[in-house]
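Peer 1: The numbering used here puts the first residue of the first sequence at 1, with every later residue one more than the last.
The beta carbon of each residue, even a glycine, is placed where N, CA and C say it ideally should be.
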Amino acid sequence: MTEPIIVWLRNDLRLSDNLALYQANKKGVPVLLLYVLDDEAAGTWRMGSTSRWWLHYSLESLKTDLQKLGSDVILRRGSTVDVIIEISRQLGVKEIYCSKQFEPWARELEQILHQKLEEYGITLNCCAGQLLHAPGKLCTKIGKSFQVYTPFLRALTATDIRIPKPAPSNLLKFTRLPQSDTLKDWCLIPIAPDWAGGMRKAWQPGETGAQKRLNSFLEKSAATYHINRDRPKQPYCTASTSKLSPHLHFGEITPAICWHAAKLKAAQDPTHSEGLEIFLKELAWREFSYHLIYHSTDLPAEPFRKRFVSFPWQPPSKVRSTQLKAWQQGKTGYPIIDAGLRELWTTGWMHNRVRMIAASFLTKHLLIPWQQGQDWFWDCLVDANLASNSASWQWVSGCGADAAPYFRIFNPVIQGQKFDADGTYVRFWVPEIAKIPNKYIHTPWLCPKHMLDMYNIKIGVTYPLPIVDHKQARDRALEAYQFLKSTTP
DNA sequence: TGAAATGTTGGGGCG
DNA sequence: ACGCCCCAACATTTC
Numbered sequence: 001m002t003e004p005i006i007v008w009l010r011n012d013l014r015l016s017d018n019l020a021l022y023q024a025n026k027k028g029v030p031v032l033l034l035y036v037l038d039d040e041a042a043g044t045w046r047m048g049s050t051s052r053w054w055l056h057y058s059l060e061s062l063k064t065d066l067q068k069l070g071s072d073v074i075l076r077r078g079s080t081v082d083v084i085i086e087i088s089r090q091l092g093v094k095e096i097y098c099s100k101q102f103e104p105w106a107r108e109l110e111q112i113l114h115q116k117l118e119e120y121g122i123t124l125n126c127c128a129g130q131l132l133h134a135p136g137k138l139c140t141k142i143g144k145s146f147q148v149y150t151p152f153l154r155a156l157t158a159t160d161i162r163i164p165k166p167a168p169s170n171l172l173k174f175t176r177l178p179q180s181d182t183l184k185d186w187c188l189i190p191i192a193p194d195w196a197g198g199m200r201k202a203w204q205p206g207e208t209g210a211q212k213r214l215n216s217f218l219e220k221s222a223a224t225y226h227i228n229r230d231r232p233k234q235p236y237c238t239a240s241t242s243k244l245s246p247h248l249h250f251g252e253i254t255p256a257i258c259w260h261a262a263k264l265k266a267a268q269d270p271t272h273s274e275g276l277e278i279f280l281k282e283l284a285w286r287e288f289s290y291h292l293i294y295h296s297t298d299l300p301a302e303p304f305r306k307r308f309v310s311f312p313w314q315p316p317s318k319v320r321s322t323q324l325k326a327w328q329q330g331k332t333g334y335p336i337i338d339a340g341l342r343e344l345w346t347t348g349w350m351h352n353r354v355r356m357i358a359a360s361f362l363t364k365h366l367l368i369p370w371q372q373g374q375d376w377f378w379d380c381l382v383d384a385n386l387a388s389n390s391a392s393w394q395w396v397s398g399c400g401a402d403a404a405p406y407f408r409i410f411n412p413v414i415q416g417q418k419f420d421a422d423g424t425y426v427r428f429w430v431p432e433i434a435k436i437p438n439k440y441i442h443t444p445w446l447c448p449k450h451m452l453d454m455y456n457i458k459i460g461v462t463y464p465l466p467i468v469d470h471k472q473a474r475d476r477a478l479e480a481y482q483f484l485k486s487t488t489p
């Protein structure tokens, strides 16, 4: 009886372009797929409730796909190291394949596992795949890591992107399957209360859903992506953006697949090339985030630009907690911000432009530390990704790599008027002010009283007054940022 | 992948 | 006819 190879699945819940699976399967011996839910290893960054919701359906979808090949995935909870060693010894496994993952805790886990397995004479093969290039590979001419996005992008596009591997057409069956949990055991989806209605409406987790999303993006949205990506219009519908982020995060599709598909489409149809150029740049931002967290493992906790360590954030207080809560619940009194936070709460996702506006508001108008926003996003986002989340929060608040300058403070009114000119987005997510005409949809507090009376809207009662005055908040933020000038970089 | 303040220009109304 | 003022519209700079 041949002993099987274990393919330890992590954020690579797919069959196509899965290098670990592909290489293991080439060996011609039975392949045992294993997923371990290990909250301990992830520590602070254990999956949030929304990610867990996604995970449930992503695994379910994977199971369905595997069943078509007569296979399945073993589910276990607990310490990854213990589980893998237990199963390996039980079945006499000599070789394990997995995808490399680059979160600091995941790298640590990989290292520990590697050592432990060595003691038992078991080999751990970590394959690349979740990124276009292994972080650490791209560096400047003098061998340093990139601090700025544009040169990083140049280096990235100058390098060949690997060709995706096909999904295996058959897997050797393994009959002596070890004990497995069921998805139900893990209680990943909410029962009472069931808060996931909006998520179900918005998403189809899993590899099939990911491929559908990519295809519909390439067909329907890519041509105008460079223009429409900044406009958060239609809720739930195929948006002007790709909405691939959660699929990419869970590895239901790889950036390499997206990259080549976009390149191919642009070559076939030149009218799509301008939009697709921008799409590729967005994939590169994702890479850049991983590049940053690879070289700065404290990125989720500490400002990249160290002079921000002593930045005068608003100290914890009752006022600050109240403001944070208003922001989280979408009750700041600024329609575009409230719409964004409510979209996040309902669907587990927020449009990119709105993420920037909302993050700028939290860190600059409210002077609340970016980590607080990061934590909220971590728990609410279906695409919660340690690298992107921390790099982006730092970017917005001015302390990140190649960050937005500190004085770039979004005016939530102007941003709303610019990118949600007809108020479609705001009206959907903030229905209590939906009847207000366009002219005042982003400034309901300026709407003439007789109109508000007509619509039965009471600003300060049925919809909040702005929790801070824009001008005052802006001046306060600029003042707070003043000290950075005198500090050495 | 800003916004606001400040500076400049040029057309039109007007004496 | 001409200068003056007003103020968009656009450009520059400052935060």
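What residue from Arg89, Thr64, Leu171 and Pro464 has the CA that sits closest to Thr332's CA?
Peer 2: As a first step, residue 332 must be located in the first sequence, where it is residue number 332. For Thr332, the nearest C-alpha among the options comes from Pro464.
Peer 1: For the segment 106-159, which segments carrying the alpha helix (DSSP H) assignment without a break, of at least 4 residues, lie completely within its bounds, in sequence order?
Peer 2: DSSP runs (the alpha helix (DSSP H)) wholly in the segment 106-159: 149-157.
Peer 1: Give a single yes or no on whether Ala210 has its beta carbon closer than 7 Å to a heavy atom of the ligand NAP.
Peer 2: The ligand NAP is not among the ligands present in this structure, which contains no ligands whatsoever.
Peer 1: Where do the N-terminal and C-terminal ends of the alpha helix (DSSP H) with Cys380 fall, by residue?
Peer 2: For this step, residue 380 is matched to residue 380 along the first sequence. Here the alpha helix (DSSP H) through Cys380 covers Trp370 to Cys380.
Peer 1: If you reduce the DSSP assignment to three classes, tell me which class Thr488 lands in.
Peer 2: Locating residue 488 in the first sequence gives position 488, where the first residue counts as 1. In this prediction, Thr488 scores a pLDDT of 49, lower than 50, which makes its location untrustworthy; the coordinate-derived value is nonetheless stated afterwards. Thr488 falls in the coil class under three-state DSSP.
Peer 1: Using a Cβ-Cβ cutoff of less than 6 Å, which residues in the same chain neighbour Arg52 once the five nearest sequence positions on both sides are dropped?
Peer 2: Here residue 52 corresponds to residue number 52 of the first sequence, with the count starting at 1. Hits under 6 Å: Leu188.
Peer 1: By DSSP's criteria, Cys98 is part of a beta bridge. Which residues make up the other side?
Peer 2: Residue mapping note: residue 98 aligns to position 98 of the first sequence, counting from 1. Cys98 pairs with Trp8 and Cys126.
Peer 1: Based on the DSSP output, what are the partners of Arg76 in its beta bridges?
Peer 2: Translated into the one-based positions of the first sequence, residue 76 becomes position 76. Answer is Val36, bridged to Arg76.
Peer 1: Measure the C-alpha to C-alpha separation of Gly340 and Leu172 and round it to an integer number of angstroms.
Peer 2: Position 340 of the first sequence, counting from 1, holds the residue named residue 340. Position 172 of the first sequence, counting from 1, holds the residue named residue 172. Going by the C-alpha atoms only, they are around 47 Å apart.
Peer 1: Which of the three DSSP states is assigned to Tyr57 in this structure?
Peer 2: Counting from one through the first sequence, the residue named residue 57 turns up at place 57. Residue state, collapsed to three classes: helix.
Peer 1: For the alpha helix (DSSP H) that contains Leu344, what are its first and last residues?
Peer 2: Along the first sequence, read from residue 1 onward, the residue named residue 344 stands at position 344. First-last of the alpha helix (DSSP H) with Leu344: Pro335 to Thr347.
Peer 1: Over what stretch of residues does the alpha helix (DSSP H) that includes Glu252 continue unbroken?
Peer 2: What you label residue 252 is simply residue 252 of the first sequence in a count that begins at 1. Taken as a continuous stretch (DSSP letters only), Glu252 belongs to no alpha helix (DSSP H), as it is neither H nor E.
Peer 1: Let me check understanding here. Comparing Cα to Cα, which of Pro4, Val148 and Trp345 lies closest to Asp194?
Peer 2: Residue numbering aside, residue 194 sits at position 194 when the first sequence is read from its first letter. The candidate whose alpha carbon is nearest that of Asp194 is Trp345.
Peer 1: What residues are listed by DSSP as bridge partners for Ile459?
Peer 2: Counting from one through the first sequence, the residue named residue 459 turns up at place 459. Answer is Tyr463.
Peer 1: Cutting at 8 Å between CB atoms, please list the residues of its own chain near Arg427, excluding the five before and the five after it.
Peer 2: Looking up residue 427 in the first sequence gives position 427. Excluding sequence neighbours, Arg427 sits near Ile433, Ala434 and Ile441.
Peer 1: If you draw a straight line from the C-alpha of Glu119 to the C-alpha of Ile85, how long is it?
Peer 2: Counted from its first residue, the first sequence places residue 119 at position 119. Counted from its first residue, the first sequence places residue 85 at position 85. Each residue's alpha carbon lies about 10 Å from the other.
Peer 1: So what's Ile29 in DSSP terms, helix, strand or just coil?
Peer 2: By one-based count along the first sequence, residue 29 stands at place 29. Just to set this straight, residue 29 is Val in the shown sequence, not Ile. Three-state result, Val29: coil.
Peer 1: Does DSSP put Glu302 in a helix, in a strand, or in coil?
Peer 2: Position 302 of the first sequence, counted from the start, is the residue given in the question as residue 302. Here Glu302 sits in coil by DSSP.
Peer 1: Do three or more CB pairs link the segment 108-118 to the segment 80-97 at distances below 8 Å?
Peer 2: The segment 108-118 vs the segment 80-97: in contact.
Peer 1: Residue range of the alpha helix (DSSP H) that Val319 falls in?
Peer 2: Taking the first sequence and counting its residues from 1, one reaches residue 319 at position 319. Looking at the DSSP string, the run of the alpha helix (DSSP H) that includes Val319 is Lys318 to Gln329.
Peer 1: Am I right that Gly92 and Glu3 are in contact with their C-beta atoms under 8 Å? What's the rounded C-beta distance?
Peer 2: On the first sequence, residue 92 is found 92 positions in, with the first residue counted as 1. On the first sequence, residue 3 is found 3 positions in, with the first residue counted as 1. Correct: roughly 4 Å between the Cβ atoms.
Peer 1: Under a three-way DSSP split, which group does Val413 fall into?
Peer 2: Stepping through the first sequence from its first residue, residue 413 is reached at position 413. Looking at Val413 - three-state DSSP - the assignment turns out to be helix.
Peer 1: Ignore the nearest five residues each way along the sequence and tell me which others in Thr488's own chain have a CB closer than 6 Å to its CB.
Peer 2: As a first step, residue 488 must be located in the first sequence, where it is residue number 488. For Thr488, the pLDDT reaches just 49, beneath the cut-off of 50, and the residue's location in the model is therefore unreliable, leaving the point undetermined.
Peer 1: Put Val426 into one of helix, strand or coil per three-state DSSP.
Peer 2: Residue mapping note: residue 426 aligns to position 426 of the first sequence, counting from 1. Looking at Val426 - three-state DSSP - the assignment turns out to be helix.
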